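Q: Handing you this structure, nothing more for now.
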Amino acid sequence: MSIAQSLLPEFDQEMQNTRKALERVPEDKWNWKPHDKSGTVGWLASHLSTLPGWTTMTINTEHLDYAPVGGPAYQPPKIENRKDLLAVFDKESAEARSALAGVSDQDMMKGWTLLAGGKTIFTMPRVACIRGFVMNHLIHHRAQLGVYFRLLGVPVPGFYGPSADEKDDSAAAAGN
2 MSIAQSLLPE
12 FDQEMQNTRK
22 ALERVPEDKW
32 NWKPHDKSGT
42 VGWLASHLST
52 LPGWTTMTIN
62 TEHLDYAPVG
72 GPAYQPPKIE
82 NRKDLLAVFD
92 KESAEARSAL
102 AGVSDQDMMK
112 GWTLLAGGKT
122 IFTMPRVACI
132 RGFVMNHLIH
142 HRAQLGVYFR
152 LLGVPVPGFY
162 GPSADEKDDS
172 AAAAGN
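Residue numbers (our numbering): 2 to 177.
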């Protein structure tokens, strides 16, 4: 089994879980944030919707300088509502899955570099970048969105089983 093939089941599960969260983003709270140092609901959800695209970029490029000297900085797409949020997420996650399904082990072991202003932030094998910088990053921000949901009274979806907001009828039935 290739490296990519071993990652695909986890990728599929995390994309499914992330979409469940994005489906619950309250449009009327798009600009709400829990603290002055926090991002808004809209910013956080938009960031989550574009993170799968970093898989595609990692596979198809050797580096990204998100703030190149003398050049334009990386600009994520402007997303202003749930419909656009889900459309971007669906497009980016499908493209990422396709790129991941087709990448060789040799290419997964090649280094990928993140730069800022020409200075290296990190270089690591693509597989490590996809696991750490993309997947773990996505899971981290999805958990943050869950906290935002809790503070806003939005039911938190279960990701690895039911959440406190979801009734698990099968567990209740088993206890009887």
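For every residue, glycine included, the Cβ atom is placed at its ideal position computed from N, Cα and C.
As the structure is a prediction and not an experimental result, all values here were calculated from the model.
#1: Let me make sure I understand the geometry here. Which of 165, 164, 167 and 158 has the alpha-carbon closest to that of residue 19?
#2: Near residue 153, what residues of its chain come up, given a Cβ to Cβ distance below 6 Å and the 5 sequence neighbours on each side ignored?
#3: Is the separation between the beta-carbon of residue 63 and that of residue 114 shorter than 8 Å?
#4: In terms of residue numbering, what span does the beta strand (DSSP E) encompassing residue 117 cover?
#5: Along the alpha helix (DSSP H) that carries residue 126, what are the first and last residues, could you check?
#6: What are the start and end residues of each continuous alpha helix (DSSP H) run of 4 or more residues lying completely inside the stretch 37 to 125, in chain order?
#7: Which one of 28, 72, 8 and 59 has the shortest CA to CA distance from residue 119?
A: So, from the listed chains and residues:
#1: Of the candidates 165, 164, 167 and 158, the one whose C-alpha sits nearest the C-alpha of residue 19 is 158.
#2: 30, listed in sequence order.
#3: For residue 63 and residue 114, yes; Cβs fall inside 8 Å.
#4: DSSP places residue 117 inside the beta strand (DSSP E), whose first and last residues are 112 to 117.
#5: Counted as a single uninterrupted DSSP element, the stretch harbouring residue 126 is not any alpha helix (DSSP H) but the beta strand (DSSP E) occupying residues 120 to 126.
#6: You should have 42 to 51, 53 to 61, 83 to 103 and 106 to 109.
#7: Minimum Cα distance to residue 119 is reached at 72.
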